[in-house]
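Read through the structure below, which is laid out as structure tokens, and then see the notes.
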Amino acid sequence: MSGIIRNLLTLISALAMRHRAGPWATVHKHFWVTPFDCGTRVLKSDKYLQIAESAQLDFLVRTGLLGTLLRKGHKFVNTSQLVVFLKPVAMFKRVRIETAILFADDRCAYFSHVLFLEDQRHGQILVKMKFKKDGRTVPPGSVFGECARQKPACVEAWDRTLEHLS
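Rendered as structure tokens:
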């Protein structure tokens with residue numbers, strides 16, 4: 792239930808923001824870690840994904856991509872997620888999530904959500920996302936423009952690992 796509330800509050804705050812960013816910008820969003828997010832005293836592993844989902848929603852609204860997706864009738868589907876836990880996050884701490892598109896090819900976009908507590912990195916969530924319309928995959932470039940970035944080595948290794956699993 793806390794995820795629905797966080798997403799709703801994130802949507803409202805993102806819509807109220809006056810500053811808009813381009814799709815290739817890094818967007819920052821702050822969240823409080825509540826008792827609903829923790830086990831006994833630290834952020835639970837599944838809640839990292841829930842916070843990343845809210846940060847992704849914030850990114851899509853603030854970059855205007857959500858409006859573009861809705862106008863074009865596109866949906867987005869997370870096809871894979873990779874979480875790296877670096878340091879625990881205690882209850883009642885304010886975390887900053889930096890969200891950006893790392894790379895996009897003709898089938899998927901790769902999002903990065905880096906979790907910071909003050910200036911220390913505490914975790915990272917990578918999300919491989921597809922855009923769909925009428926059951927077909929839509930090239931990400933048709934949604935937010937062509938990617939001028941090289942595919943990062945970590946994304947290449949992740950894709951190779953996923954190929955071995957399927």
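Residue numbers 792 to 957, in this note's numbering, belong to the letters of the sequence shown in order.
A virtual CB, placed ideally from N, CA and C, is assigned to each residue, including glycine.
- Bridge partners of T928 according to DSSP: K923.
- In this structure F883 touches V824 by the C-beta definition: roughly 6 Å separates them, less than 8 Å.
- In the three-state reduction of the DSSP assignment, S871 falls in the strand class.
- For I892, the closest of R811, T817, M808, S804 by C-alpha to C-alpha distance is T817.
- A contact is defined here as three or more CB-CB pairs under 8 Å, and the segment 844-864 meets this definition with respect to the segment 804-823.
- If you ignore the 5 residues before and after C829, its C-beta comes within less than 7 Å of the C-beta of K835, M882, all in its own chain and listed in chain order.
- Here the C-alpha atom of R862 lies approximately 43 Å from the C-alpha atom of T831.
- In this structure, DSSP gives C945 a helical state, which the three-state scheme calls helix.
- Between the C-alpha atoms of K878 and L953 there is a straight-line separation of about 26 Å.
- Comparing C-alpha distances from W815 to each of A939, I888, E947, L857 shows the shortest one belongs to A939.
- Contact check for T890 and F922: beta-carbon distance about 17 Å, past the 8 Å limit, so the pair fails to qualify.
- Partner residues in the beta bridge of H904, as assigned by DSSP, are T890, I916.
- Shown here, L834 sits in a strand according to DSSP, grouped into three states.
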